[in-house]
Amino acid sequence: MPLPIPLHCPRCGAAAEDFSGCAACREEGIGANPVPPLADLSGLSLETYPGGPWGWPSALSAPVAAPVTLGEGGTPVVPLPEDGPDGLWVKYEGANPTGSHKDRAMAVGVAAALAAGADTVAAASSGNAGAAVAAYAARAGLRCVVFTTGEVPGPLRAQIDALGAVRVVRDDTAARNAAMREAVERFGWYPLTSYATPAPGGNAYANEGYKSVAYELARDVPGFRTGAGAVVVPTCRADLLSGIARGFRELRAAGLVTGTPRLVAAEPAGAAPYSAALALAGRAEQERVSVDPAPSPAFSLGESRPVWQGLDALWGADGAALAVPTEEFMAEHRALAARGLFLEPSSAVGVAAARGWVREHAGAGPVVVIGTATGLKDTASVAGPAVAEERVPELAKLTR
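Per the numbering used here, the very first residue in the sequence shown carries number 2; after that it's consecutive.
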């Protein structure tokens with residue numbers, strides 16, 4: 002598959018021929034994702050940046066002829082005022098058109114597929130990416146095939162189906178990825194997510210859309226332009242984490258910020274390869290860590306190995322990784338909903354980790370956690386019984 006903007010592996014420097022990750026690093030058992038060159042943001046201004054992946058079209062190192070958009074990006078930063086002297090905030094990506102941060106990437110990825118002349122886009126997904134690909138493919142008039150498993154929650158299955166994608170179900174993640182790889186190689190479908198083993202990360206052109214999160218944070222959060230504070234990111238294959246890191250690197254290179262906040266990967270304790278990696282001293286050891294992931298309510302998180310660009314993002318931003326027990330992040334999930342912020346459990350992993358970070362780093366600057374998706378993606382853990390009509394008078398006697 003021709004690559005109109007060259008991609009190179011940030012780990013070994015090898016050129017890429019397709020979107021399956023770096024072949025040389027794969028031979029070493031390491032998943033590394035080739036990337037395009039960083040963009041030059043010289044002459045741009047954060048004060049006039051309108052937000053979203055299309056706010057600065059010249060910042061996208063992706064071969065797009067015209068935007069494919071549903072109004073993604075520009076998501077709100079919601080304060081949680083009860084924590085810390087500098088503030089804890091949630092950047093609520095559930096406000097995107099399909100309800101997750103994946104819209105930023107898939108808007109750009111589908112536009113790149115369209116420019117490449119593709120007629121079919123493909124994604125291997127636990128849910129959010131599949132819904133986003135389906136929506137933007139429908140917007141662009143492309144066919145969409147989503148490879149998934151039977152574990153995907155009902156609301157996400159319904160969203161993917163309603164948006165017109167063809168949903169191909171396999172027994173597990175390995176079989177799902179293998180089916181997508183076969184389809185890409187056999188039929189030439191345009192891949193928008195990771196499908197190789199070990200996982201290298203998603204389509205590098207699509208991932209350019211995640212840089213806009215960094216631009217918006219630098220514009221909106223006091224302190225981030227000078228390097229104070231931290232951004233906490235729920236992390237699996239690190240496409241979002243590494244995209245945010247690339248965005249801040251571009252901002253700093255252009256002189257639009259003088260420093261960058263620290264980056265923190267948040268993981269469920271039962272599947273925490275970044276936490277396991279950073280507990281080791283040497284980078285060669287960190288690259289090769291493997292864990293046995295356990296099932297979790299945070300179903301969109303949980304790799305067995307750290308993806309290299311995630312480690313690189315943490316290494317370059319004085320970063321850290323925090324593993325959160327299930328009971329802790331599910332309690333956070335319920336508590337946030339009781340305060341009006343209904344996030345998916347994977348996002349609650351980030352908020353729980355961020356609260357711990359604030360306690361340990363009080364006074365170090367604002368902390369923003371990326372709320373990756375709305376809680377409407379999976380409602381099984383929170384649905385409860387309705388109150389019978391005859392009990393309504395009793396409610397008038399209750400006080401909050």
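Backbone N, C-alpha and C define an ideal beta-carbon position, used for all residues, glycine too.
Straight-line measurement puts the Cα of A159 at about 9 Å from the Cα of A132. Distances from the CA of Y206 to each of S62, T70, E288 were compared; the closest alpha carbon is that of S62.
Counted as a single uninterrupted DSSP element, the alpha helix (DSSP H) harbouring E286 occupies residues 284 to 288. The Cβ-Cβ distance between A332 and R263 does not fall below 8 Å.
Taking 8 Å as the cut-off, the beta carbon of L337 is found no closer than this to the beta carbon of V325. Around the beta carbon of A163, fewer than 16 other beta carbons sit within 10 angstroms, so the residue counts as exposed.
Scanning the region 303 to 386 from its first residue to its last, the whole beta strand (DSSP E) runs of 3-plus residues come out as 321 to 325, 368 to 372. A residue is called buried when at least 16 other Cβ atoms come within 10 angstroms of its Cβ; T194 meets this threshold and is buried. Using a Cβ-Cβ distance cut-off of 8 Å, the region 278 to 288 and the region 344 to 363 are not in contact, since fewer than three pairs of beta carbons, one from each stretch, lie closer than that value.
Rounded to whole angstroms, the separation of the alpha carbons of A112 and G56 is 15 Å. In the three-state DSSP reduction, S59 falls in the helix class (H, G or I). With a cutoff of 8 Å on beta-carbon distance, C26 and A17 are scored as not near each other. L39 carries a coil assignment under DSSP once its states are collapsed to helix, strand and coil.
A contact is defined here as three or more CB-CB pairs under 8 Å, and the region 203 to 217 fails this definition with respect to the region 136 to 149. Closest by C-alpha distance to G311, out of A215, V265, A374, S301, is V265. Counting the other CB atoms within 10 Å of its CB gives V147 a total of 16 or more, which places it among the buried residues. Approximately 15 Å separates the beta-carbon atoms of T150 and R182; this is outside 8 Å, ruling out the contact. The three-state secondary structure of C145, taken from DSSP, is strand. Membership of K212 in the alpha helix (DSSP H) is indicated by the continuous run 212 to 221. The three-state reading of DSSP puts K103 in helix, counting H, G and I together.
In the structure shown, P68 adopts coil according to DSSP, grouped into three states. The region 132 to 194 is shown to contain whole beta strand (DSSP E) runs of 3 or more residues at 144 to 150, 167 to 171, in chain order. For the set I371, L71, P367, the Cα lying nearest the Cα of G230 is the one of P367.
When only Cα atoms are considered, E29 and S291 end up about 14 Å apart. Given a length threshold of 4 residues, each whole run of the alpha helix (DSSP H) inside the region 7 to 34 is given here in chain order: 24 to 28. When secondary structure is reduced to three states using DSSP, R226 falls in the coil class, being assigned neither helix nor strand. Around the CB of G165, fewer than 16 other CB atoms lie within 10 Å, so the residue is classed as exposed.
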